[in-house]
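Number of protein chains: 2
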Amino acid sequence: MFKSNYMHSFTEENYLKTIYHLSTTNSLVVSTNQIAEITNTKAASVTDMLKKLSDKKLINYIRYQGVTLTENGKNAALNIIRKHRLWEVFLVEKLGFKWDEVHDIAEELEHINSEMLINRLDDFLGNPSADPHGDPIPDRKGAIQQKKMIRISEMNQSECGIISGVSEHSSIFLKLLDKLGLTLGTHVLVREKIEFDGSVIIQINEQIDQTISRELAKNILIML
Amino acid sequence: MFKSNYMHSFTEENYLKTIYHLSTTNSLVVSTNQIAEITNTKAASVTDMLKKLSDKKLINYIRYQGVTLTENGKNAALNIIRKHRLWEVFLVEKLGFKWDEVHDIAEELEHINSEMLINRLDDFLGNPSADPHGDPIPDRKGAIQQKKMIRISEMNQSECGIISGVSEHSSIFLKLLDKLGLTLGTHVLVREKIEFDGSVIIQINEQIDQTISRELAKNILIML
DNA sequence: TTATTTTTTTAGACTAATCTAAAAATTTAA
DNA sequence: TTAAATTTTTAGATTAGTCTAAAAAAATAA
Chain A
287 MFKSNYMHSF TEENYLKTIY HLSTTNSLVV STNQIAEITN TKAASVTDML
337 KKLSDKKLIN YIRYQGVTLT ENGKNAALNI IRKHRLWEVF LVEKLGFKWD
387 EVHDIAEELE HINSEMLINR LDDFLGNPSA DPHGDPIPDR KGAIQQKKMI
437 RISEMNQSEC GIISGVSEHS SIFLKLLDKL GLTLGTHVLV REKIEFDGSV
487 IIQINEQIDQ TISRELAKNI LIML
Chain B
287 MFKSNYMHSF TEENYLKTIY HLSTTNSLVV STNQIAEITN TKAASVTDML
337 KKLSDKKLIN YIRYQGVTLT ENGKNAALNI IRKHRLWEVF LVEKLGFKWD
387 EVHDIAEELE HINSEMLINR LDDFLGNPSA DPHGDPIPDR KGAIQQKKMI
437 RISEMNQSEC GIISGVSEHS SIFLKLLDKL GLTLGTHVLV REKIEFDGSV
487 IIQINEQIDQ TISRELAKNI LIML
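So the protein lines, in turn, are chains A and B.
Number 425 in the numbering used here belongs to position 139 of the first sequence; there are no gaps in the numbering.
Number 368 in the numbering used here belongs to position 82 of the second sequence; there are no gaps in the numbering.
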């Protein structure tokens, strides 16, 4: 097996993905410690890897300052994310997995290296635009269309919309949403916001009312 | 990510698979050099790995003598082979790959670790009994039913049967079979065996006659 | 604005998997 | 049945990715 310049190790790919996620959710510039926390490693290990990724021109790295992704690095990260999300769609749509069961498996599948494979999988799945958690899937050129969504916690009274994403992917959280009937596509109307504890009373699918905690309301994303 | 006792590294898995293949096609006891050749490594590296696999009770290893798989080792190998072959079926049946294009991708996919995934994939594919090359797929308990097949080179004049497997998996060989119309399921009748060079004149699908070389005849497997 | 705390990097070491070169065991052949 | 050839193992290095402990830089607070 040969390894081209355009291929990166399993570990390098995970770092790139982590940097991408951090730089899009927090500040553009990502710190060593942030990466260490997410990848479950020590800061010293991260520093070593940052040097390596910098040598490969995948990140812009300034000692003690932090990193950003280069164009190449960003493309590589988006490609991994594309693969991860397409595999998640496959697992749910074709193999009958639940949305809380697919993350770890997709975490392995995302490192399979074949452009032909992933493009054919994309077609086989009907070129889906979002994964089972509502996260957008980059197309084969790396273009990603982020839909405008707000958290239930940010909605005003009597506003309504459709659950279209989540900002927390843990199994325990997703299973709870299942139990409460708060899956993707569900219609939600904000009845009342409780100031005391941040909980929100919502109407689900224009039927029953339910009170959800601030923690829940913060992590459910709505398209108005 | 945690790693249980029942999980083996990517590399260990490849050694187990190689030992399984060698011990079923050649002699039961496999030598260091044989493994080195197949895995594209040096004998010294193989020796190191054999010690490790022996410590893990996956092989029976006697210095200077060779190795056999233990029960555990055999099960591990069969599981990898099961995964490899199921993924090959998926690639061909669902994603439209040709039978000569799937080996390298399946080589990567076979290391994805999830029993649930592979069992669901098995069901999704309709529990196939053979892969696109006719090789039998072990069931979830590791049972493998080897069909009785003979090479065209071993057939007698006027014998006939169905192409049901190949003993060579290179892309160049499989593409040639495509070109000659010698795909799985094809009916073959032996018209004449040429003593001079071992070539064989066969009738294909009860229609046209074709001469194939000894090299070809040796690697096409027929069910009578 | 100096002192303290936090973050990041360096130095040096470890493990898995590999290698080359040399030694040891086995097999083959004269 | 000994000598030569082949195979296998050992010894010692290397690389990728990780670690701990200590040093250096940056941020925060008195």
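Backbone N, C-alpha and C define an ideal beta-carbon position, used for all residues, glycine too.
Since the model is a prediction, treat every value here as computed from it, not as a measurement.
Considering only beta carbons, the part of the stretch 356 to 386 of chain A lying closer than 8 Å to chain B consists of LEU377, LYS380, LEU381, GLY382, PHE383, in chain order. Shown here, HIS370 of chain A sits in a helix according to DSSP, grouped into three states.
For ARG426 of chain B, there are no neighbours in chain A by C-beta distance under 7 Å, as the nearest C-beta there is about 15 Å away.
Contacts with chain B at 8 Å (Cβ-Cβ) do not include LEU302 of chain A.
Here DSSP, grouped into helix, strand and coil, assigns ILE423 of chain A to coil. The beta carbon of LYS338 of chain A lies closer than 8 Å to those of GLU298 in the same chain, with the five residues before and after it left out. Using beta-carbon distances, GLU394 of chain B counts as an interface residue toward chain A, with a partner under 8 Å.
Put simply, the stretch 371 to 388 of chain B touches the stretch 405 to 415 of chain B. At least three CB pairs are less than 8 Å apart.
Taking a contact to require three or more Cβ pairs closer than 8 Å, the stretch 491 to 499 of chain B and the stretch 467 to 483 of chain B qualify as touching. If you draw a straight line from the Cα of LYS504 of chain A to the Cα of HIS419 of chain B, it comes to about 52 Å. Within the stretch 398 to 421 of chain B, ILE398, ASN399, SER400, MET402, LEU403, ARG406, LEU407, ASP409, PHE410 place their CB atoms closer than 9 Å to a CB of chain A, listed in sequence order. SER453 of chain A is positioned such that its CB atom lies no closer than 8 Å to that of VAL476 of chain A. From the listed residues A:THR310, A:THR354, A:HIS370, A:THR311, the smallest Cα separation to THR318 of chain A is found for A:THR354. Nearest to LEU510 of chain B by alpha-carbon distance, out of B:GLN431, B:ILE449, B:LYS479, is B:ILE449.
The beta carbon of ASN312 of chain B lies closer than 8 Å to those of GLN320 in the same chain, with the five residues before and after it left out. Between TYR301 of chain B and LYS360 of chain B, the CB-CB gap reaches or exceeds 8 Å.
Within the DSSP bridge table, the entry for GLU478 of chain A names A:ILE487 as partners. The continuous alpha helix (DSSP H) containing LEU339 of chain A extends over residues 329 to 341. Approximately 26 Å separates the beta-carbon atoms of HIS389 of chain B and HIS473 of chain B; this is outside 8 Å, ruling out the contact.
Buried is the label assigned to SER309 of chain A, since at least 16 other Cβ atoms lie within 10 Å of its Cβ.
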